[in-house]
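The UniProt record's numbering applies: residue 247 is where the sequence shown begins, and numbers increase by one. Quick reminder that beta carbons are idealized off the backbone N, C-alpha and C, glycines included.
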Amino acid sequence: RTILHAELSGEDVIVVSNREPYIHQRRGERIEVQRPASGLVTALEPIMRACSGVWIAHGSGSADREVVDKHDRIAVPPEKTAYQLRRVWLSAEEEAGYYYGLANEGLWPLCHIAHVRPTFRSGDWAHYVAVNRKFAGAVIAEAKTKNPIVLVQDYHFALLPRMIRDELPDATVITFWHIPWPNPESFAICPWAEEIVAGLLGSSILGFHTQFHCNNFVDTVDRLLEARVDREAFTVSLAGKLTAVRRYPISIDWPPAAEMVGKPIEQCRAEIRQLNSLPAAHAIGVGVDRLDYTKGIMERFRAVERLLEMKPEWIGRFSFVQIAAPTRAGIDEYQNHEAQVRALATRINQRFSRTGPPPIVLKVEHHEPQQVYEYYRAAEFCFVSSLHDGMNLVAKEFVAARDDERGVLILSQFTGAARELPEALIVNPYDADQCAAALHLALTMEPSEQRDRMRLMRGLVAEFNVYRWAGRMLLDAAVMRRRGRLLGKSA
Ligand code: G6P
247 RTILHAELSG EDVIVVSNRE PYIHQRRGER IEVQRPASGL VTALEPIMRA
297 CSGVWIAHGS GSADREVVDK HDRIAVPPEK TAYQLRRVWL SAEEEAGYYY
347 GLANEGLWPL CHIAHVRPTF RSGDWAHYVA VNRKFAGAVI AEAKTKNPIV
397 LVQDYHFALL PRMIRDELPD ATVITFWHIP WPNPESFAIC PWAEEIVAGL
447 LGSSILGFHT QFHCNNFVDT VDRLLEARVD REAFTVSLAG KLTAVRRYPI
497 SIDWPPAAEM VGKPIEQCRA EIRQLNSLPA AHAIGVGVDR LDYTKGIMER
547 FRAVERLLEM KPEWIGRFSF VQIAAPTRAG IDEYQNHEAQ VRALATRINQ
597 RFSRTGPPPI VLKVEHHEPQ QVYEYYRAAE FCFVSSLHDG MNLVAKEFVA
647 ARDDERGVLI LSQFTGAARE LPEALIVNPY DADQCAAALH LALTMEPSEQ
697 RDRMRLMRGL VAEFNVYRWA GRMLLDAAVM RRRGRLLGKS A
């Protein structure tokens with residue numbers, strides 16, 4: 247946090263993301279503030295609280311435009327102003343093409359290999375280009391100097407780095423791609439693969455969660471563009487502009503805010519069981535995700551079913567509580583997925599709950615972060631079974647929530663987090679028997695082993711927290727800026 251303050255004091259900092267950190271909605275006379283389920287928001291919010299600046303985001307969730315003032319800017323967070331949130335408003339057509347279409351039916355399945363075919367439509371692409379241009383306009387309007395530091399977030403804005411660079415050649419553009427980057431063969435099926443890669447190469451620094459994704463990106467550049475690739479320095483030079491491709495594993499706020507871990511564990515255990523009509527001594531596991539097909543929720547439920555087949559002693563003594571935040575509901579694939587998840591939960595419950603509580607408690611609704619932490623603190627284990635995930639911050643949040651050093655993390659090998667948390671029970675979500683065995687192990691693990699594993703994981707998250715993530719990117723950028731000033735070049 248101190249490094250952030252030192253590096254950023256007096257700097258002109260702008261963050262751009264699609265998702266806004268706060269959703270303001272009018273409910274009658276009241277204005278309700280909600281914090282959306284998004285790993286990106288979870289990570290960036292504490293950074294923005296630590297350094298004042300402007301966060302530019304799509305005003306999607308704020309149904310009522312009048313809620314924010316007429317300049318489309320609002321000071322946040324609500325309890326203590328730290329930075330400015332500037333909304334960019336999109337028409338329904340722009341949102342359909344850029345957000346639902348190109349970003350979430352095209353790039354999202356393209357980059358997550360989860361066996362859902364990407365869909366590419368030229369109309370969506372046209373909106374994507376236009377919306378990126380609209381956000382470039384917002385960045386230029388918000389920049390107070392000729393050389394701001396602009397932090398561009400995620401696959402919604404692949405073209406933005408180059409657009410910013412064209413207008414503000416002295417800007418330092420740090421782009422972070424929060425999702426995986428696939429191999430060149432996979433990426434090249436996108437009809438606009440070259441434009442996307444060239445757009446990203448407007449960045450001074452381009453970050454991914456893992457070295458594997460950096461390698462895939464550099465291989466893709468090599469395949470698609472006439473660019474100079476330096477594999478030792480891990481830089482790419484296109485049209486005289488140098489981009490450093492670096493690994494920055496994202497993380498969470500540490501230590502967790504007092505309101506997240508304030509309620510005693512015993513109280514969380516009792517309240518969560520009562521809330522879900524489960525007996526006081528009932529064992530519970532928890533899953534927390536957006537209701538997204540990449541998260542492996544079907545595979546997770548099948549593992550629970552397999553556990554009850556293999557170890558019937560758990561029938562009636564254990565339930566798995568799945569918190570599933572509704573997401574991207576305008577997309578067919580998400581609607582189908584929700585129907586399948588609901589049907590599978592019903593089938594498993596019909597099969598195993600004749601005499602007692604249902605083995606699966608499915609809660610398809612938004613939960614505020616504080617409620618989510620109560621579930622983490624109440625559970626014997628947390629199960630993250632993503633089929634593919636850039637990092638997965640739920641895994642790190644669960645670890646942060648367990649200051650009692652108890653609880654077991656079961657973690658898919660296909661998450662970035664699995665590389666940092668080898669003390670979790672690492673599983674292949676496609677292997678139901680292996681997952682079921684891990685569930686049984688989690689439910690029977692000795693407290694001393696839970697503590698040993700949890701201590702190591704907590705140590706890792708404490709050291710590599712989100713300030714370290716942002717701090718390392720900004721330090722690298724600061725070195726570039728200094729070098730650039732010396733040599734009279736832009737960073
Ligand atoms: C992932 C993406 C984020 C996105 C989040 C929630 O974490 O990397 O960019 O904000 O999912 O998805 P949504 O479409 O609701 O913003």
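Legend entry - Nearest to Q680 (by Cα), restricted to the options R697, S658, P668, H402: Within the sequence shown, residue 680 is the residue found at index 434, counting from 1. Q680 has its Cα closest to that of S658, out of R697, S658, P668, H402.
Inset, instruction - List in chain order: all unbroken beta strand (DSSP E) runs of 3+ residues lying wholly within the stretch 590-655. - result: 606-609, 627-630
Inset, instruction - Tell me whether S284 counts as near the ligand FMN, meaning its Cβ is closer than 7 angstroms to at least one heavy atom of that ligand. - result: This structure simply doesn't include the ligand FMN; it includes the ligand G6P instead.
Legend entry - For W301: DSSP bridge partner residues: Residue mapping note: residue 301 aligns to position 55 of the sequence shown, counting from 1. In DSSP, W301 forms a bridge with V261, L331.
Inset, instruction - Could you tell me the distance, in whole angstroms, from the CA atom of I616 to the CA atom of E505? - result: What you label residue 616 is simply residue 370 of the sequence shown in a count that begins at 1. What you label residue 505 is simply residue 259 of the sequence shown in a count that begins at 1. The question names Ile, but residue 616 is Gln in the sequence shown. Cα-Cα distance, rounded: 7 angstroms.
Legend entry - L633 versus P355: straight-line alpha-carbon distance, rounded: Within the sequence shown, the letter at position 387 stands for residue 633. Within the sequence shown, the letter at position 109 stands for residue 355. Rounded to whole angstroms, L633 to P355 spans 12 angstroms at the Cα level.
Inset, instruction - For S449, count neighbouring Cβ atoms within 10 angstroms of its own Cβ and tell me buried if that reaches 16, exposed if not. - result: What you label residue 449 is simply residue 203 of the sequence shown in a count that begins at 1. S449 comes out buried.
Legend entry - Closest by C-alpha distance to T365, when choosing among G542, I435, F463, W427: Position 119 of the sequence shown, counted from the first residue, corresponds to residue 365. When each option's Cα is compared against that of T365, the closest is I435.
Legend entry - Backbone secondary structure at A547 - three-state DSSP: To locate residue 547, count along the sequence shown from 1; it is residue 301. Ala is not the amino acid found at residue 547; the sequence shown has Phe there. Helix, per DSSP.
Inset, instruction - Could you tell me if D635 is buried or exposed, where buried requires 16 or more neighbouring beta carbons within 10 angstroms of its beta carbon? - result: Stepping through the sequence shown from its first residue, residue 635 is reached at position 389. Buried is the call here.
Inset, instruction - Assuming V259 and I302 form a contact by the criterion Cβ under 8 angstroms, report the distance between their Cβ atoms to the nearest whole angstrom. - result: The residue given as residue 259 occupies position 13 in the sequence shown. The residue given as residue 302 occupies position 56 in the sequence shown. Rounded, the Cβ-Cβ distance is 11 angstroms, inconsistent with contact.
Legend entry - alpha helix (DSSP H) segment containing A387, residue limits: Taking the sequence shown and counting its residues from 1, one reaches residue 387 at position 141. Its alpha helix (DSSP H) spans residues 368-388.
Inset, instruction - Could you tell me the boundaries of the beta strand (DSSP E) in which A529 lies? - result: Working through the sequence shown from its first residue, we reach residue 529 at position 283. Per DSSP, A529 belongs to the beta strand (DSSP E) from 529-536.
Inset, instruction - Could you tell me whether the stretch 394-411 touches the stretch 333-340, using the rule of 3 or more Cβ pairs below 8 angstroms? - result: no
Inset, instruction - Quickly, what does DSSP pair I511 with across the bridge? List them, please. - result: Start at 1 with the first residue of the sequence shown, and residue 511 comes out as number 265. According to DSSP, I511 bridges with nothing at all.
Inset, instruction - Check whether the Cβ of T421 sits closer than 7 angstroms to any heavy atom of the ligand G6P, and report yes or no. - result: Here the question's residue 421 lines up with position 175 in the sequence shown. False, no ligand heavy atom lies under 7 angstroms from that Cβ.
Inset, instruction - Could you pull the start and end residues of the beta strand (DSSP E) that E341 belongs to? - result: Along the sequence shown, one-based indexing puts residue 341 at 95. First-last for E341: undefined, no H or E at that position.
Inset, instruction - Taking F422 as the reference, give the member of D416, P430, L447, E413 with the closest Cα. - result: Numbered from its first residue, the sequence shown carries residue 422 at position 176. Residue L447 is the option with its Cα nearest to F422.
Legend entry - For A716, the three-state DSSP class (helix, strand or coil): Here residue 716 refers to the residue found at position 470 when the sequence shown is read from its first residue. In this structure, A716 counts as helix in the three-state DSSP scheme.
Legend entry - Beta bridge counterpart(s) of A490 as assigned by DSSP: For the purposes of this step, residue 490 is identified with residue 244 of the sequence shown, where counting begins at 1. I451, T481, per the DSSP bridge assignment.
Legend entry - Q659 (DSSP reduced to helix, strand or coil): Here residue 659 is taken as the residue at index 413 of the sequence shown, counted from 1. The answer is coil: DSSP assigns Q659 none of H, G, I, E or B.
Inset, instruction - Tell me where the alpha helix (DSSP H) around R295 begins and ends. - result: Here residue 295 corresponds to residue number 49 of the sequence shown, with the count starting at 1. Note, R295: alpha helix (DSSP H), 285-296.
Inset, instruction - Check whether the Cβ atoms of L537 and A570 lie closer than 8 angstroms to each other. - result: Within the sequence shown, the letter at position 291 stands for residue 537. Within the sequence shown, the letter at position 324 stands for residue 570. Yes; because the gap between Cβ atoms is below 8 angstroms, this pair is in contact.
Inset, instruction - Please say whether A688 and V654 have beta carbons closer to each other than 8 angstroms? - result: The residue labelled residue 654 in the question sits at position 408 within the sequence shown. The residue labelled residue 688 in the question sits at position 442 within the sequence shown. Yes, the Cβ-Cβ distance between V654 and A688 is below 8 angstroms.
Inset, instruction - Starting from Q399, follow its DSSP beta bridges and name the residues at the other end. - result: Stepping through the sequence shown from its first residue, residue 399 is reached at position 153. DSSP lists F422 as partners of Q399.
Inset, instruction - Could you tell me whether the stretch 339-354 touches the stretch 391-406, using the rule of 3 or more Cβ pairs below 8 angstroms? - result: yes
Inset, instruction - Can you give me the start and stop residues for the beta strand (DSSP E) that V707 sits inside? - result: For the purposes of this step, residue 707 is identified with residue 461 of the sequence shown, where counting begins at 1. Run containing V707: none in the beta strand (DSSP E); it sits in the alpha helix (DSSP H), 693-709.
Inset, instruction - Could you pull out every residue in the same chain whose Cβ sits closer than 8 angstroms to the Cβ of N595, ignoring the five residues on either side in sequence? - result: Position 349 of the sequence shown, counted from the first residue, corresponds to residue 595. P604, P605, I606, listed in sequence order.
Inset, instruction - Give the DSSP-derived three-state secondary structure of S432 in the structure shown. - result: Position 186 of the sequence shown, counted from the first residue, corresponds to residue 432. Looking at S432 - three-state DSSP - the assignment turns out to be helix.
Inset, instruction - Please find out if some non-hydrogen atom of the ligand G6P comes closer than 7 angstroms to the beta-carbon of H424. - result: Walking along the sequence shown from the start, residue 424 turns up at place 178. At least one heavy atom of the ligand G6P is nearer than 7 angstroms to the Cβ of H424, so yes.
Inset, instruction - Please report the residue range of the beta strand (DSSP E) in which A321 lies. - result: Numbered from its first residue, the sequence shown carries residue 321 at position 75. Residues 319-322.
Inset, instruction - Would you list the one or two residues that DSSP bridges to E278? - result: As a first step, residue 278 is located in the sequence shown; it is residue number 32 there, counting from the start. For E278, which the question treats as bridged, DSSP gives the partners Q271.
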